[in-house]
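S.K.: Protein chains in written order, with this note's numbering: chain A, 1 to 593; chain B, 594 to 836.
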Amino acid sequence: MLRALLYLRFVSAWNWLLTRVRSLRRPKNLIGAAVGCAYIYFFFIHSMGGPAAPRPADEHVAQALARAQAQLPVDWLPAMIALGALGLLFVVACAWLVPTERPALGFTEAEIAFLFPAPIKREALVHFRLLSMQLRSLAGALVMTLFTNRAPILGGNVLTHALGWWLVFSALSLHFSAARFTLTRLAEGGTVLWRQRVLWAALLLVVLGATVLRLPEAMPAAARGAASLRPVVELAVALGETAPLAWLLWPFHIVAAPFLALDLGAFARALGPALALVGLHYLWVVRSVVAFEDTAVDQAAQRAARITAWRRGGRAGGPAQARPGPFPLRAPGRPEVAFFWKNLLSTWPYFTVRVWLAGLAVAVAGAWWIARSEAFAGFASEAALTILIFAGYALVVGPQFARQDIRSDLTHADILKTYPLRGWQIILGQLLTPAAILTGVLWLLLAPAAIMLWPAPETGSMLSAAGHVIAALGLALVMPALVLVQLLVPNAAALLFPAWFQATRARGGGPEVVGQRMIFFFAQLLAMIGALLPAAGLGTAVILALHWIVGVPAAVACAAVAALAVLLIEVWCGVRWLGRRFERFDLSTERPT
Amino acid sequence: MIEASQLAKNYGSFSAVKDLSLTVRPGEVLGLVGPNGAGKTTTLRCLAGIIPATRGSIRVAGHDLAADPVAAKRALAFFPDEPRLFDYLTVRQHLAFVARIYGVRDHEALAQPLLDEFEIADKADQLPGELSRGMKQKLAIACGLLHGPAVMFFDEPLTGLDPLGIRRMKNSIIARARAGAAIVLSSHLLHLLEEVCTHVLILKRGEKIADGTLAEVAARFGSAEGGVNLEEVFIRATGGTEH
Ligand SMILES: Nc1ncnc2c1ncn2[C@@H]1O[C@H](COP(=O)(O)OP(=O)(O)OP(=O)(O)O)[C@@H](O)[C@H]1O
Ligand SMILES: [Mg+2]
């Protein structure tokens, strides 16, 4: 019976490969594939053979480690072990503590339709599923190996990295399955799950608290107050090595040990315990399925089917639930607002002013505390810079995530076309939701960064306190326009190349999809630079021209307004142009299917 | 009032509609019939301004669809064959959204009778995912009727409705035509069309074979006995045989 199931796996994989190869006949896929392959080759594989990468030979490892330690202010390996173990603990804790709708064994809809009514033992099905999950773990391990293989501080070689990652991934996926089965069994046995969860969370907090209490003795005194990320890393290392928590982290160390092994000998020594741990997890899953008989699998199947149905309904993630509108929508009024209202309903319910204000309060208070506390003196400015870099990154990739605009409404384009609105009104209305969400997120990042960058009174900073406030407010002022410019790019792509756009959204793509995504990413980057240059140029000119006359703060304020004007003109032109494009959009020839 | 002259639509090199002219005056209901793939949906989508016509001109309620699309669209409603709804808006929220788009004042007062008429008032706070197909269709129709359109295009409005729903839909269409609306609808349910339509237009491979009032078309495709049987007319006109 398992043979038939394996055949299914194999044939599916083979057909997937065939369709991928066949799709290369279309030029856009071929170009994408070329770019994607080149990218993968140059950034990952090329460097594997290159002289810069560490080879297993001991001297190279030693050299690499020495170099890394010279470059970086901390001992990376213990820090990484500590942070990795803490991260794994967090992920596993989430599996137990956070309720999820995901089924324990993710059967696909087709698998449910064909396999469940078939005369196959449930146990065989479970094994089949576990095997599929192993394949997934293997794929994940290969991808992660491509990334980590470039890290100069790691010992080992490609093989130990791949195997190491695979052990981590399969242990995690088995643990997740086991956790879900166990939780379902507890629930069926009459345990009130949320009470149980609160209990576990409390236990975890007690362990954490006990560890933190013991910290001051364990933590090297010298580490405190240094002007770098060092205190945070040291804190993590100390946390991970102090007693009650260290016991809890022990299994994670075992699982991660093969990956982190410096040489083959260490790898061999670490392999046994790690394999044993994975084996124990496997037994755990199989036992809990058997103890459970059919209900577990059936439930998993039901939930899987329900979720796929929801997905098809267009909402990834949780179940769709009716909820009141974000604000009362009265007619008459600007029709663009109706799209804002509608698209807000399509996202998570957390994007509200109240949640945003709470987030702002937390961010500001936290930043304030860090900026004022002595322990983190010097760290504040680094943290602020990190946040600003992250904000820049969010500005570039954010539009790929916040897509509650024309991109998610392309399937409704025929209905939109019957509305008595000009194209630009539809485009503008559709842009409002992602623009509001991204602006909110960016403001949440800017506020703490601005506070932590507060100029110290004694340093002769270029900006006075007033200038600092005005610069921050100016940046916040231009942010919505900047976000809108960014959002225009993917929306233009969706309207200009609907089929191509659709291809980049599809999951499970080969290198051609990687390449197409890369092309889009660079287009986005280019568009941002192109849009920013005039605004930044004018802003700089205004500052240079005016700061003699009105002083720096006022000049900065004027520059912000000028830059905003330029950006708004750009947005306006973009929206008008896209609107005309939407009016001419011939659904019959370009409708994405 | 709907006027189309020399309407043509090509999909690439394939011409789906050729040289179609038609006029529907207020109070008239034109039934568009023809075999699968005859171009009915294409014609309706062109008339509603969803896809641009390759050639020809279209006037809806006195406005040229190409020159002044917004004014034309304010007067029309299009009902696609598959109801198109937003997955995350409830029935009531759909109506609120549409009211804002069309600038309908006091939409709650207008929406309630529509919800009652189509018997979905008790589902007002549910999402489309929780509605049956027929209910979805009724919701789409209620949304389209909210702004009181003078011109309506229905693509297969009767498929998927229950017998009572069909009866209500028929009555609703007739009532709106009597109130002065110009209506075009396509359907394969010929015996129902007979009860609703004042005129018919028979399409085959994108070309008009016959049009006129029911009696005129029947006379032309000579049912000798005199009784108007659209099914008989259809089969003769489109040159099909039963065997
Ligand atoms: N997007 C498209 N691209 C290319 N050809 C199309 C497209 N849409 C429709 N066609 C073709 O145009 C012709 C008319 O299609 P249309 O959907 O208008 O037919 P119909 O009369 O509505 O048929 P049915 O009774 O099945 O609904 C068909 O031959 C169809 O294959
Ligand atoms: Mg059709």
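Glycine included, C-beta positions come from ideal geometry on N, C-alpha and C.
Considering only the alpha carbon of each residue, which of R129/A, L329/A, G189/A, P553/A lies closest to N343/A?
M.R.: L329/A
S.K.: In the DSSP output, what is M745/B paired with across the bridge?
M.R.: A670/B, I776/B
S.K.: What's the call for F401/A, buried or exposed, on a 16-neighbour Cβ count within 10 Å?
M.R.: Using a 10 angstroms sphere on the CB of F401/A, the tally of other CB atoms stays under 16, which defines it as exposed.
S.K.: Kindly examine ligand 2 and report whether one of its heavy atoms sits closer than 6 Å to the Cβ of K633/B.
M.R.: yes
S.K.: Taking just the CA atoms, how far does T433/A sit from A413/A?
M.R.: 18 Å
S.K.: Among all the DSSP beta bridges, which residues are the ones paired with A601/B?
M.R.: R648/B
S.K.: Just the chain B side, please: which residues come within less than 8 Å of T418/A by C-beta, in chain order?
M.R.: Per Cβ cutoff of 8 Å: A641, G642, I643, K666, L669, A670, F671.
S.K.: Under 7 Å, CB to CB, which of the residues in the stretch 405-434 of chain A have a partner in chain B?
M.R.: H412, D414, I415, K417, T418, Y419, P420, L421, R422
S.K.: Could you list which residues in chain B have their beta carbon closer than 9 Å to that of P335/A, in chain order?
M.R.: Around P335/A, the beta-carbon contacts reaching into chain B at under 9 Å are R693, I694, Y695, G696.
S.K.: Quick one: does V322/A have its CB under 7 Å from some CB of chain B?
M.R.: According to the sequence provided, residue 322/A is Ala. The question's Val does not apply to it. It does; some Cβ of chain B falls within 7 Å.
S.K.: Would you mind stating whether R667/B and P332/A have Cβ atoms separated by less than 7 Å?
M.R.: no
S.K.: Kindly indicate which three-state DSSP category L17/A falls into: helix, strand or coil?
M.R.: L17/A: helix per DSSP, three-state reduction.
S.K.: Kindly say whether K121/A, judged by its beta-carbon, lies nearer than 7 Å to any beta-carbon of chain B.
M.R.: no
S.K.: Given the structure, does A601/B come close to ligand 1, in the sense that its CB is under 6 Å from one of the ligand's heavy atoms?
M.R.: It does not: the Cβ of A601/B is nowhere closer than 6 Å to a heavy atom of ligand 1.
S.K.: Is there a C-beta anywhere in chain A that falls below 7 Å from the one on R677/B?
M.R.: yes
S.K.: So which of G366/A, G398/A, A95/A, I543/A has the shortest CA-CA distance to A436/A?
M.R.: G398/A
S.K.: Give me the Cα-Cα distance between A95/A and D263/A, rounded to the nearest whole angstrom.
M.R.: 33 Å
S.K.: What does T831/B reach in chain A if we use C-beta pairs closer than 7 Å?
M.R.: Going along chain A, no residue has its Cβ under 7 Å from T831/B, so there is no contact; the nearest lies around 24 Å.
S.K.: Could you give the DSSP three-state label for D657/B: helix, strand or coil?
M.R.: strand
S.K.: In this structure, does DSSP put T683/B in helix, strand or coil?
M.R.: coil
S.K.: Along chain B, which residues have their Cβ under 8 Å away from the Cβ of P498/A?
M.R.: Simply none; closest approach about 14 Å.
S.K.: State the DSSP-derived secondary structure class of S614/B, mapped to helix, strand or coil.
M.R.: strand
S.K.: Please confirm whether L823/B and E787/B have their CB atoms less than 7 Å apart.
M.R.: Note that the C-beta distance between L823/B and E787/B is below 7 Å.
S.K.: Anything in chain B within Cβ reach of S346/A, meaning under 7 Å, just list it in chain order.
M.R.: Y681
S.K.: If you draw a straight line from the alpha carbon of T616/B to that of M762/B, how long is it in whole angstroms?
M.R.: 23 Å
S.K.: From the DSSP output, read off the bridge partner residues of V793/B.
M.R.: G624/B, G805/B
S.K.: By alpha-carbon positions, which one of C558/A, L564/A, A238/A, A210/A ends up nearest to I543/A?
M.R.: C558/A
S.K.: Give the single residue among H656/B, V653/B, A670/B whose Cα lies nearest to the Cα of I766/B.
M.R.: A670/B
S.K.: Any chance the CB of G642/B is under 6 Å from a heavy atom of ligand 1?
M.R.: no
S.K.: Do A830/B and ligand 1 come close, with the Cβ less than 6 Å from some heavy atom?
M.R.: No; taking the cut-off as 6 Å, the Cβ of A830/B has no heavy atom of ligand 1 nearer than that.
S.K.: If I'm right that M594/A touches V396/A with Cβ under 8 Å, what's the distance once you round it to whole angstroms?
M.R.: Because residue 594/A is not part of the residues shown, which for chain A are 1 to 593, the question remains open.
S.K.: Would you give the residue range spanned by the alpha helix (DSSP H) that M728/B belongs to?
M.R.: 726-738
S.K.: What in chain A is Cβ-close to H841/B, meaning under 7 Å?
M.R.: Limits of chain B in this structure are 594 at one end and 836 at the other, which puts residue 841/B out of reach.
S.K.: In or out: S614/B buried (at least 16 other Cβ within 10 Å) or exposed?
M.R.: exposed
S.K.: Buried or exposed: G156/A, going by 16 or more other Cβ atoms within 10 Å of its Cβ?
M.R.: It is buried - the Cβ of G156/A has at least 16 other Cβ atoms within 10 Å.
S.K.: Using beta-carbon positions only, say whether C790/B and G624/B come within less than 7 Å of one another.
M.R.: yes
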